[in-house]
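Residue numbers (our numbering), protein chains in the order written: chain A, 1 to 543; chain S, 544 to 891.
Here's the structure we're looking at; comments come further down.
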């Protein structure tokens, strides 16, 4: 490969220098600044973590390091020097020659970023062959070697599978192999583990870290998860609104962040609610088995009790049956066997056979407020609907209640005539909460309701839910894969794995050892702020 | 079982059911048509006895349900029945009437398809590649223009163009133009091949002669159907270009051509083949106007003539062939959609 002799690969030489970078994006008929003057320097073999909320410009900077701006974006000012080459002065063809071969990219969702029409191996070696670096046979052999180094199962044959035949964590590693195929000098990792379960995340993080070290590749690691970046990066840069907040070596940054904003990022995960034991049970799920299409069993003999006025957190990886449980409770998926009783009465299985009064008492809030809100209805119409449907409120009475609900979710009444598209993600979720509250329910099922939100907004929503519970006394079933959220809000915890309940009990019982084996695995996989956490964990698991 | 084979069988079965329902609809629709073949044949002055005797001869005195089952039963044995134009001792089967016409129609349809489909796909891919550029605009403008004219107009314009080749220079219009302009226009017109403006063929016409005779109708039909297929190809590819895996291909340093051909097109086949199938079906069932303009003995004209003379068995057979064409082409489109989708072809 060009310019990659041992001397130029030596650690410590400057590889990337970005000065005074400005990027704009086009929306609402005009150009808005996304990145407003960021400087960045990266040495060979160094890993730089970019961290911040969504909209901070971290992904945009990652792409700019490849001389690339997304469609609808443009780099307006600044200079990007990669190994002495000015990327912005280079022709598009020149930049194309560097991309894939010397600067590679690993995207957030491997499932969406692999082309569904081609086999993994063909996609892995595509750059090598297209850039004329090696013959196809040689590239194929090298790809198998990379699969092996990334600890993919069946490295010899996995390349012959199509993306939809491979699980998420493995796809993400295959994508890392694809980025490594040309042995680039720099890889941009854009939230590579955000879409994965914690247990899978650990394996992917370890694979990425190993291979980056092994080939002495420099990397820009973009993420919003502090604990993750602490494992991966030598240096961390905190971004906000397209500006650098601060930058320091990882250990120093974690030990003593100097800026106020950075400290708030650090503080989010410290929310914790003292648990309150149950005194009366509102919902009892007894020995429920449910399946889609009568054959694929997603819930097997599940029994769960939900106390009145408390929060039960249901945790587990994707595919563990958490969301199916919610569908069974709401009646969307009638179970095959077992029974559910609500407030002392048996609950009929199918939604259609439940009286309106029961429907009113069980409400649901969804993960994606974008999908859960009708884009053509104003906030007022959204909240008014359950008031009219369940409670028959009209006119001034209804309007007064809408005002109260908006006040409860801490939103100004000036938002009432807005459409969902005119609200932020957190505001949309507040509207969904207000809609659920409008029915005056006794049980609210929250299905991953904060996973699409930034950490700071997450905290606000969680605090809001806890305050509402104190004031109104309803129960929550809180479905999540995030242990930090469980610590923050739960009274009781249900751990689910492959459609079965692994453990159930008070938060303190579940979270203090000894754990059930699966719970242990789940809990130990949650990244901690300590930069040595991953190393220690891997060492302990190898024993 | 292989999912593709299973789907093909399933769709084939559904296609047969559809064909069966269509046969009922065709039969009842024609049975309900006003007018009567016997009267049409024998004229106003025929006595009721003659009419009844004639009706008995061709079998339309039986009740409709019985006639339907006789018709279907014969067809299942490969017998499409006799034309009402048959006489005792001179039987004309529907099959022998239709066969040469069907051959001609298929000949024209295949020839048009061979020109139009690759042309439309090529133009669509190039338009997607240079989207919003001058090439894209030009191709869109031209194809939209040709699709906006009625097909008989396109047909006559083409025929006129060929005739002008010889007549232009002596025309008053040419003499009113400056001499150099008239000469250069004449030069351009002379570059137009001397296509026959009448596409009269028979079963003795040699193959290449046949190709030459149907050149004008084929070009006319190409101009009519290219726009639809080309625009769908362009739209389907551009739709794919917004996918994350296209972003990924760009970040892998792939060239724009490789991105369109290798990364977008393989995922865009399903909508494209559906539109192609629809247009190919049109080439078989919808070309009667073009046949009339160029006096080409295709199946469309045959059906119109048969309707005029109330030759019910021929009309029914033509309608059934048209239905079968639609069903078969749509089935092919479905199969191609499945075969190009690895999710269906290679399940987990």
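Cβ atoms here follow ideal geometry from the backbone N, Cα and C, with glycine treated the same way.
Answer yes or no: does any C-beta atom of chain S fall closer than 9 Å to that of residue 3 of chain A? Position 3 of the first chain, counted from the first residue, corresponds to residue 3 of chain A. Because the pLDDT at residue 3 of chain A is just 38, under 50, the model does not fix this residue reliably, and the value given afterwards should be weighed accordingly. Not closer than 9 Å to any Cβ of chain S, the Cβ of residue 3 of chain A fails to qualify, so no.
So which residues of chain S does residue 114 of chain A contact, with C-beta pairs closer than 7 Å? Against the first chain, residue 114 of chain A aligns to sequence position 114. The contacting residues are 788.
Going along the chain, which residues of the stretch 73-101 of chain A sit with their C-beta nearer than 9 Å to a C-beta in chain S? 93, 95, 96, 97, 98, 99, 100, 101
Going straight from the alpha carbon of residue 853 of chain S to that of residue 872 of chain S, what length do you get? For the purposes of this step, residue 853 of chain S is taken as the residue at position 310 of the second chain. For the purposes of this step, residue 872 of chain S is taken as the residue at position 329 of the second chain. Cα-Cα distance, rounded: 29 Å.
Under DSSP, the alpha helix (DSSP H) around residue 238 of chain A begins and ends at which residues? For this step, residue 238 of chain A is matched to residue 238 along the first chain. Looking at the DSSP string, residue 238 of chain A is not in any alpha helix (DSSP H); the run it does join, the beta strand (DSSP E), is 235-240.
Under 9 Å between C-beta atoms, does residue 178 of chain A make it to chain S? As a first step, residue 178 of chain A is located in the first chain; it is residue number 178 there, counting from the start. Judged by the 9 Å Cβ criterion, residue 178 of chain A is in contact with chain S.
Quick check on the DSSP output: the beta strand (DSSP E) that includes residue 444 of chain A runs from which residue to which? To locate residue 444 of chain A, count along the first chain from 1; it is residue 444. Unbroken beta strand (DSSP E) run through residue 444 of chain A: 443-447.
According to the neighbour-count rule (16 or more other Cβ atoms, all chains shown, within 10 Å of its Cβ), is residue 322 of chain A buried or exposed? Residue numbering aside, residue 322 of chain A sits at position 322 when the first chain is read from its first letter. Under this definition residue 322 of chain A is a buried residue.
Check whether residue 39 of chain A and residue 311 of chain A have beta carbons under 9 Å apart: By one-based count along the first chain, residue 39 of chain A stands at place 39. By one-based count along the first chain, residue 311 of chain A stands at place 311. For residue 39 of chain A and residue 311 of chain A, no; Cβs fall outside 9 Å.
Mind checking which residues open and close the alpha helix (DSSP H) that includes residue 607 of chain S? One-based indexing of the second chain puts residue 607 of chain S at position 64. Here the alpha helix (DSSP H) through residue 607 of chain S covers 607-619.
Using the three-state DSSP reduction, which class does residue 142 of chain A fall into: helix, strand or coil? The sequence position of residue 142 of chain A within the first chain is 142, counting from 1. DSSP places residue 142 of chain A in helix when its eight states are reduced to three.
Consult DSSP for residue 492 of chain A and reduce its assignment to one of helix, strand or coil. Here residue 492 of chain A is taken as the residue at index 492 of the first chain, counted from 1. Correct three-state label for residue 492 of chain A: strand.
Starting from residue 117 of chain A, find everything on chain S with Cβ-Cβ shorter than 7 Å and list it in chain order. For this step, residue 117 of chain A is matched to residue 117 along the first chain. Within 7 Å Cβ-Cβ: 809, 810, 885.
Can you confirm whether residue 670 of chain S, when its beta carbon is compared against all beta carbons of chain A, has any partner nearer than 9 Å? Taking the second chain and counting its residues from 1, one reaches residue 670 of chain S at position 127. No, residue 670 of chain S does not count as interfacial toward chain A.
The stretch 229-240 of chain A in contact with the stretch 40-57 of chain A per 3-pair CB rule at 8 Å: yes
By Cβ distance, which residues of its chain are closer than 7 Å to residue 1 of chain A, with the 5 residues on each side in sequence left out? Position 1 of the first chain holds residue 1 of chain A. For residue 1 of chain A, the pLDDT reaches just 36, beneath the cut-off of 50, and the residue's location in the model is therefore unreliable, although a value from the coordinates is still provided. Cβ neighbours of residue 1 of chain A beyond the five flanking positions: 133, 183.
Endpoints, alpha helix (DSSP H) assigned at residue 470 of chain A: Translated into the one-based positions of the first chain, residue 470 of chain A becomes position 470. Element bounds for residue 470 of chain A: 455-472.
Reducing DSSP to helix, strand and coil, say where residue 162 of chain A ends up. As a first step, residue 162 of chain A must be located in the first chain, where it is residue number 162. Of the three classes helix, strand and coil, the one that applies to residue 162 of chain A here is coil, per DSSP.
Below 8 Å on the Cβ atoms is my contact criterion, and I expect residue 271 of chain A with residue 462 of chain A to pass it. Report the Cβ-Cβ distance as a whole number of Å. Counting from 1 along the first chain, the entry for residue 271 of chain A is found at position 271. Counting from 1 along the first chain, the entry for residue 462 of chain A is found at position 462. That pair is a contact at about 6 Å.
Same chain, Cβ closer than 8 Å to residue 880 of chain S, five either side skipped, listed in chain order: Along the second chain, read from residue 1 onward, the residue named residue 880 of chain S stands at position 337. Answer for residue 880 of chain S: 812, 813, 816, 817, listed in chain order.
Which whole-angstrom value describes the C-beta separation of residue 203 of chain A and residue 242 of chain A, a residue pair presumed to lie in contact below a C-beta threshold of 8 Å? As a working note, residue 203 of chain A is residue 203 in the first chain. As a working note, residue 242 of chain A is residue 242 in the first chain. The Cβ separation is near 33 Å, so there is no contact.
Meets three-Cβ-pair contact criterion under 8 Å: the stretch 751-764 of chain S and the stretch 82-91 of chain A: no
What number of angstroms, rounded off, separates the C-alpha of residue 257 of chain A from the C-alpha of residue 382 of chain A? Within the first chain, the letter at position 257 stands for residue 257 of chain A. Within the first chain, the letter at position 382 stands for residue 382 of chain A. When rounded, the distance between both Cα atoms is 42 Å.
What does a CB cutoff of less than 8 Å around residue 809 of chain S pick up in its chain, not counting 5 residues either side in sequence? As a first step, residue 809 of chain S is located in the second chain; it is residue number 266 there, counting from the start. Cβ neighbours of residue 809 of chain S beyond the five flanking positions: 883.
Identify whether residue 814 of chain S lies in helix, strand or coil by the three-state DSSP scheme. The residue labelled residue 814 of chain S in the question sits at position 271 within the second chain. Note: residue 814 of chain S maps to helix in three-state DSSP.
Counting pairs of Cβ atoms below 8 Å between the stretch 123-130 of chain A and the stretch 205-220 of chain A, do you hit three or more? no
Where residue 249 of chain A falls: helix, strand or coil (DSSP): Counting from 1 along the first chain, the entry for residue 249 of chain A is found at position 249. Here residue 249 of chain A sits in strand by DSSP.
Are the C-beta atoms of residue 872 of chain S and some chain A residue less than 9 Å apart? The residue you call residue 872 of chain S lines up with position 329 of the second chain. By this cut-off, residue 872 of chain S is not an interface position.
By the 9 Å beta-carbon criterion, what residues does the stretch 565-599 of chain S contribute toward chain A? none
Endpoints, beta strand (DSSP E) assigned at residue 285 of chain A: Within the first chain, the letter at position 285 stands for residue 285 of chain A. Taken as a continuous stretch (DSSP letters only), the beta strand (DSSP E) holding residue 285 of chain A covers 281-292.
Where does residue 885 of chain S land, buried or exposed, given buried means 16+ other C-beta within 10 angstroms? Translated into positions along the second chain, residue 885 of chain S becomes position 342. Residue 885 of chain S is buried by the Cβ-count criterion.
Under 9 Å, Cβ to Cβ, is there at least one residue of chain A near residue 793 of chain S? What you label residue 793 of chain S is simply residue 250 of the second chain in a count that begins at 1. Yes, contact with chain A.
Taking a Cβ distance cut-off of 7 Å, strictly less, list which residues of the stretch 118-132 of chain A are near chain S, in chain order. 126, 127, 130, 131
Answer yes or no: do residue 403 of chain A and residue 413 of chain A have a C-beta to C-beta separation smaller than 9 Å? As a working mapping, residue 403 of chain A is identified with position 403 in the first chain. As a working mapping, residue 413 of chain A is identified with position 413 in the first chain. Cβ atoms of residue 403 of chain A and residue 413 of chain A: closer than 9 Å.
Beta-carbon proximity check, residue 99 of chain A vs residue 66 of chain A, cutoff 9 Å: Counting from one through the first chain, the residue named residue 99 of chain A turns up at place 99. Counting from one through the first chain, the residue named residue 66 of chain A turns up at place 66. In this structure, residue 66 of chain A lies closer than 9 Å to residue 99 of chain A by Cβ.
From A:251, A:541, A:57, A:281, pick the residue whose C-alpha is nearest to that of residue 531 of chain A; which is it? Position 531 of the first chain, counted from the first residue, corresponds to residue 531 of chain A. Checking every option, the nearest Cα to that of residue 531 of chain A belongs to A:251.
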